[in-house]
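Undergrad: Each residue of the sequence shown is one higher than the last, beginning at 5 in the working numbering.
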Amino acid sequence: MRTVTSDGIRVFELSGAVPLVRLAATAAPVDTVMEGVQALLERAGQGDWAGSVVYNWEGEASAASVLGGGGQVTYVRPTGGHLNADVRSEGPELLVFNESYDPGWRASVNGAAAKVLRVNAVVQGVVVPAGRSRVEFRYRPRGLVGGAMVSAGAIILLAVGFGRRAARGRPPQPQTARDV
């Protein structure tokens, strides 16, 4: 780690840090998280954390392939639960998003839903096709919609209950004669 000091401000640089979003140099499929951990442990001494990755493929084994080769990625992250990336690649690639893997993450590639894959046992990624791609990651915690619906229902029931109680507690209103 290198420290740069200027005018009382300290900036720390962690050399060798892996970017938040990147294309994997090579990406090999594994069947389980434990196989992924084992593959990572086997290459621990090689120091290639930024380049090669393993990803969990939960589909047909014949559909999984070794991905990688290079390309360019630019991204913006407007909020903690939202990321947009523009990718240019020569062939199919694995776009790695170094955010903790969680089932609440959803992804789309060029507007179509894409499967979020577990990468290196702890982060996530999606496969992007050759050419230009627009990738969007969005996070919505599991149970958020159900919890919001239960909360809204409870608020409505409380409002109805208070409304009825208030209506019962009012004195009778005097009747007025109406012109016929």
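For every residue, glycine included, the Cβ atom is placed at its ideal position computed from N, Cα and C.
Quick check on S19: does DSSP put it in helix, strand or coil?
TA: The answer is coil: DSSP assigns S19 none of H, G, I, E or B.
Undergrad: Could you tell me if Q128 is buried or exposed, where buried requires 16 or more neighbouring beta carbons within 10 angstroms of its beta carbon?
TA: Buried, by the Cβ-count rule.
Undergrad: Any chance the region 108 to 124 sits against the region 135 to 145, with 3 or more Cβ pairs inside 8 Å?
TA: Yes: the two stretches touch, three or more of their Cβ pairs being nearer than 8 Å.
Undergrad: Within 8 Å, do at least three Cβ pairs link the region 94 to 102 to the region 11 to 18?
TA: Taking 8 Å as the limit for Cβ pairs, the verdict is that the region 94 to 102 does not touch the region 11 to 18.
Undergrad: Taking the alpha carbon of P23 as the reference point, which residue from A118, G55 and R138 has its own alpha carbon closest?
TA: Here the closest residue by C-alpha is G55.
Undergrad: Over what stretch of residues does the beta strand (DSSP E) that includes G75 continue unbroken?
TA: Unbroken beta strand (DSSP E) run through G75: G75 to T83.
Undergrad: Which of helix, strand or coil does DSSP assign to L24?
TA: It is coil, neither helix nor strand.
Undergrad: Leaving out five residues before and five after R136 in sequence, what residues of the same chain have Cβ atoms less than 8 Å from its Cβ?
TA: Cβ neighbours of R136 beyond the five flanking positions: D90, V91 and R92.
Undergrad: Check whether chain B comes within 8 Å of R122, counting only Cβ atoms and requiring the distance to be less than that.
TA: In the structure shown, chain B does not exist; there is a single protein chain.
Undergrad: Just to confirm, is the Cβ distance from K119 to V130 under 8 Å?
TA: In contact: K119 and V130 (Cβ atoms closer than 8 Å).
Undergrad: Per DSSP, what kind of secondary structure is A156 in: helix, strand or coil?
TA: Helix, per DSSP.
Undergrad: Looking at the unbroken beta strand (DSSP E) that takes in A32, where does it start and where does it end?
TA: Segment T30 to V34, the beta strand (DSSP E) holding A32.
Undergrad: Would the beta-carbon of N88 fall within 8 Å of that of V77?
TA: Not closer than 8 Å, so no.
Undergrad: Pick helix, strand or coil for A134, following the three-state DSSP scheme.
TA: A134 falls in the coil class under three-state DSSP.
Undergrad: Kindly indicate which residue of L121, R172, V41 and R146 has the alpha-carbon position closest to the one of V100.
TA: It is L121 whose Cα lies nearest to the Cα of V100.
Undergrad: Using 10 angstroms around the beta-carbon of P33, count the other beta-carbons present and answer buried if the total reaches 16, otherwise exposed.
TA: By the neighbour-count rule (16 or more Cβ atoms within 10 Å), P33 is buried.
Undergrad: Among the candidates M153, R168 and A125, whose CA atom is the shortest distance from the CA of T36?
TA: Closest by alpha carbon: A125.
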